[in-house]
Structure formats: structure tokens, C-alpha cells
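Peer 1:
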Amino acid sequence: MRVLLTGGSGFIGSHIALLLLENGYDVLILDSFINSSSNVIKRIKIYLDSKDIKYKLETINGDIRDKKLLDSIFINSINENKPINIVIHLAGLKSVAESLIKPLNYWDVNVLGSLNLLLTMKEYECYSIVFSSSATIYGLCESLPIREDHKISPVNTYGKTKVAIENMLYDLYKSNKNLWKIISLRYFNPVGAHPSSMIGEDPIGIPNNLFPFLTQVAIGRQRMLQIYGDDWETNDGSGVRDYIHINDLAEGHLASLEYLNSKDSCLEFINLGSGHGYSVFQIIKQFEISTGCKIPFSIQSRRDGDIAKCYADISKAKRLLDWTPKRSLEQICLDGWNWQVNNPNGYS
Ligand code: WQD
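Using numbering that gives the first Met the number 0, you'd call the opening residue of the sequence shown number 0 and step up by one each time.
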């Protein structure tokens, strides 16, 4: 099976690419590298070579908004008799804060880029896609744990673009129910790193997200962790989220491919999370216990757009995909820390 993996050199994409290659899928990565390092590809190859794993990995540096490029990718794959069987679509901008400052960029890259991709897939008769959606689409969590039929009410542009793309997928499926095989995976908070420390999270600039900021404090790249509010309606007052190990998330994509291969057509929206909620203080405590590091922090005011509590009901993923997360919060902390220790400056 040959998979086109858009955004395949990013934090999530690289872990999916590695897992697919280890499981015998041929992978074609399309990435613009605006948010990731080309060193990721080298690391993936080094790791697979070190395990004597035979693999077929190709990489194209390009933007999903470039329709001519997408056409050439699909035409060449047909002409070279290695057609693209399935697309895993991760490419897109993903910062909530940035989406509020540059909303049109997010509508352009995320939505028009996805429209481009879907038009091209339709043109070249590739009807299987796994889409990278996000728990951000739920907005304020009215009932917990969050099920897939929870109200969809994104409160930021990033989340709105993900809803728009899910609507495209819904309409596409309804236009020909016997043709399309579609899964939209709603990620909660992907964290940690591959246990080999060959790949991991390497945000550009100052991390927006808790976990990479925390590991950078631990390694001394950041002075102190700012905790955005300790007056939330939670047990200890700090925000509660669902942190899922990046390899559990990657395995959710492998399970999705296998599910799509078993169906004639489908449309499913599925949560991918750990199913547990942990507060910021709980994360800090576990990280300190697991790594022996001390994490200095200061309490700041709440961050715009934040919510108190959010964690997933993952029963649908268990039922449909026969998938459950295997890695503990301790494993998340250990793998994330090992990545940071072995790569103090990420991929650079
Ligand atoms: C987690 C908790 C913060 C940083 C975001 C996106 C979501 C997804 C994952 C793309 C919250 C607190 C954070 C810090 C802190 N990305 N925090 N100090 O906001 O749940 O989700 O990333 O799909 O779409 O919205 O993740 O890691 O930013 O925050 O106290 O320096 O940590 O208030 O409670 P979030 P996060």
C-alpha cells in the first residue's frame, strides 16, 4: 500500500511516517517544511537502517495549495505504476494563538489547501483519506468525557478551519456514499516522543504548548514555566487536558488505515486521546518524579481562548478501530525528556 502523507515531517507526521514504514507501507511525504526540519527525514532513515528495516520513503518539498504540484504527484504515481492508495492529511497551520492573528492564512492553507487536495484525489480516483482534525472543534466542553456527538463550537480560527474541512469531507461522502472511505481523527493533546529519541517535538521559537515548554525549562532553554491560571474550576485550579503519547496517536492512524482497507466505503469521526484528564500541576509533578528534574513555575493570568477541562471519550476508537492507548503519563514524561536531553536544540 502506498500512502501520501501530507505534513509528514512535522511532530505528528514524522511519528506516523516511521510507524507506517516499519509496517511495510510505502510512504510519500509531501511537506513545505515551513514548520519542520528536513533533518527529520534523515533521522527516520537512520533509525530504519539501524533496524535493518527495508522501506520505500520518498519526500517532496511542496505546498498543498500548489494544484499543479498535486496533479504531478498523482499523475507520476500512476505513470510509474505506484498509485497512491490512501492519503493521510496532516499538512496545515496549527497554532491557535497565531490563527487569531492571521486568520486568512489559516483559511488559505488549511481550508483551500485541503480543498485542493480533495479535488485532486477525486480527479485521480483516490478515494481513501484519514484527516487530522482536533478536539479544538468542540470548544467549551459541556459534558465530559467528550464524545464525538458533543456539540461542535470552535472558539478560534484554527478550530473553525478544522470544522470546515470536516464539513467538506461529510459533503463529499454524501455525494457518493459507495465511493469514499473517510476517517477524521480528532486529536486531543499529542505529547512525548519516540523512545529512540531519534524524532520528537521541536517547535519553532518559544513553544506555545505546555509539554515542549516544560521539557525546555527542564533542559535550561527556558527559565521558568508560566502556568496560565490556577483559579480554574478543577481540583487543583490548573487546566485539565487529555495528553496522548505521540506513538499511541500514530498507532491510531495505522489502525485507521487497516479499518479503511476493510471497508467498501465509510465516513467516521473519531476521538484520539488517552481518555484521562491531567492538570498542569499533575503533569509537572509526574515529570519531576519521572525525570528527577525540578520545574520552576510562576502563576500567570489565564490565556485567551483557554478552557478549564477537556478530555476524551475514546470508546468509539476502541470499538471501531480496536485501538487503545498503551503508554502511561510516566512513559510520556520519560520519552519526552529523553528526546530533549539527546536533542537539546531539537533537530538543528
Ligand atoms: C495545555 C494546558 C494551558 C502552556 C492546543 C491546541 C490544540 C492542539 C493541542 C493542535 C492548558 C496550560 C500551556 C504554558 C500553561 N493543537 N499551559 N503554560 O491549549 O490544550 O491545546 O494544543 O491541534 O488544538 O488548542 O494545549 O499545551 O497549549 O495547553 O499553563 O506555557 O497547559 O493553559 O491548560 P491546549 P497547551
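All C-beta atoms, glycine included, are put in the ideal place defined by N, C-alpha and C.
Can you say whether residue 103 is buried or exposed, counting buried as having 16 or more other CB atoms within 10 angstroms of its CB?
Peer 2: Here residue 103 refers to the residue found at position 104 of the sequence shown. By the neighbour-count rule (16 or more Cβ atoms within 10 Å), residue 103 is not buried but exposed.
Peer 1: Would the beta-carbon of residue 191 fall within 9 Å of that of residue 210?
Peer 2: Within the sequence shown, numbered from 1, the residue matching residue 191 stands at position 192. Within the sequence shown, numbered from 1, the residue matching residue 210 stands at position 211. Less than 9 Å separates the beta-carbon of residue 191 from that of residue 210.
Peer 1: Would you check if there are 3 or more beta carbon pairs closer than 8 Å linking the stretch 172 to 186 to the stretch 262 to 277?
Peer 2: yes
Peer 1: Check whether the Cβ of residue 140 lies closer than 8 Å to any heavy atom of the ligand WQD, and answer yes or no.
Peer 2: Within the sequence shown, numbered from 1, the residue matching residue 140 stands at position 141. No; taking the cut-off as 8 Å, the Cβ of residue 140 has no heavy atom of the ligand WQD nearer than that.
Peer 1: Which same chain residues, not among the five before or five after residue 10, have their C-beta less than 6 Å away from its C-beta?
Peer 2: Position 11 of the sequence shown holds residue 10. Once the five neighbours on either side are set aside, the close Cβ partners of residue 10 are 200.
Peer 1: Go ahead and pull the three-state DSSP assignment for residue 305.
Peer 2: The sequence position of residue 305 within the sequence shown is 306, counting from 1. Here DSSP, grouped into helix, strand and coil, assigns residue 305 to coil.
Peer 1: Is the beta carbon of residue 305 within less than 8 Å of some heavy atom of the ligand WQD?
Peer 2: Start at 1 with the first residue of the sequence shown, and residue 305 comes out as number 306. Residue 305 Cβ: within cutoff of the ligand WQD.
Peer 1: Closer than 6 Å by C-beta to residue 351: which residues in its own chain qualify, once you throw out the five before and the five after it? Chain order, please.
Peer 2: Here the chain has residues from 0 to 347 only, and residue 351 is not among them.
Peer 1: Give the C-beta separation of residue 198 and residue 39 to the nearest angstrom, bearing in mind that I take them to be a contact with Cβ-Cβ under 8 Å.
Peer 2: For the purposes of this step, residue 198 is taken as residue 199 along the sequence shown, with counting starting at 1. For the purposes of this step, residue 39 is taken as residue 40 along the sequence shown, with counting starting at 1. Going by Cβ atoms, the distance from residue 198 to residue 39 rounds to 6 Å, so yes, they are a contact pair.
Peer 1: According to DSSP, is residue 267 part of a helix, a strand, or is it coil?
Peer 2: On the sequence shown, residue 267 is found 268 positions in, with the first residue counted as 1. Here residue 267 sits in strand by DSSP.
Peer 1: So residue 112 and residue 91 are supposed to be a Cβ contact under 8 Å. How far apart are they, rounded?
Peer 2: On the sequence shown, residue 112 is found 113 positions in, with the first residue counted as 1. On the sequence shown, residue 91 is found 92 positions in, with the first residue counted as 1. Indeed they touch by this definition, with Cβ atoms about 7 Å apart.
Peer 1: Can you name the residues that DSSP bridges to residue 189?
Peer 2: Position 190 of the sequence shown, counted from the start, is the residue given in the question as residue 189. Within the DSSP bridge table, the entry for residue 189 names 243 as partners.
Peer 1: What would DSSP say about residue 1, mapped onto helix, strand or coil?
Peer 2: Against the sequence shown, residue 1 aligns to sequence position 2. Here residue 1 sits in strand by DSSP.
Peer 1: Going along the chain, which residues of its own chain have a beta-carbon closer than 7 Å to the beta-carbon of residue 160, five neighbours each way excluded?
Peer 2: In the sequence shown, residue 160 corresponds to position 161, counting from 1. 105, 106, 109, 110.
Peer 1: So if DSSP puts residue 299 in a beta bridge, which residue, or which two residues, is it bridged to?
Peer 2: Here the question's residue 299 lines up with position 300 in the sequence shown. According to DSSP, which records beta bridges pairwise, residue 299 is partnered with 227.
Peer 1: Work out the CA separation of residue 284 and residue 139 for me, nearest whole Å.
Peer 2: The residue given as residue 139 occupies position 140 in the sequence shown. The residue given as residue 284 occupies position 285 in the sequence shown. The alpha-carbon atoms of residue 139 and residue 284 are separated by roughly 26 Å.
Peer 1: Residue 338: which of 273, 347, 195 sits nearest, CA to CA?
Peer 2: Against the sequence shown, residue 338 aligns to sequence position 339. Ranking 273, 347, 195 by Cα distance to residue 338 puts 195 first.
Peer 1: Rounded C-beta distance between residue 328 and residue 277? I'm assuming under 8 Å.
Peer 2: Position 329 of the sequence shown, counting from 1, holds the residue named residue 328. Position 278 of the sequence shown, counting from 1, holds the residue named residue 277. That belief holds up - the Cβ atoms of residue 328 and residue 277 are roughly 6 Å apart, short of 8 Å.
Peer 1: Do residue 1 and the ligand WQD come close, with the Cβ less than 8 Å from some heavy atom?
Peer 2: Here residue 1 is taken as the residue at index 2 of the sequence shown, counted from 1. For the ligand WQD, not one heavy atom lies less than 8 Å from the Cβ of residue 1.
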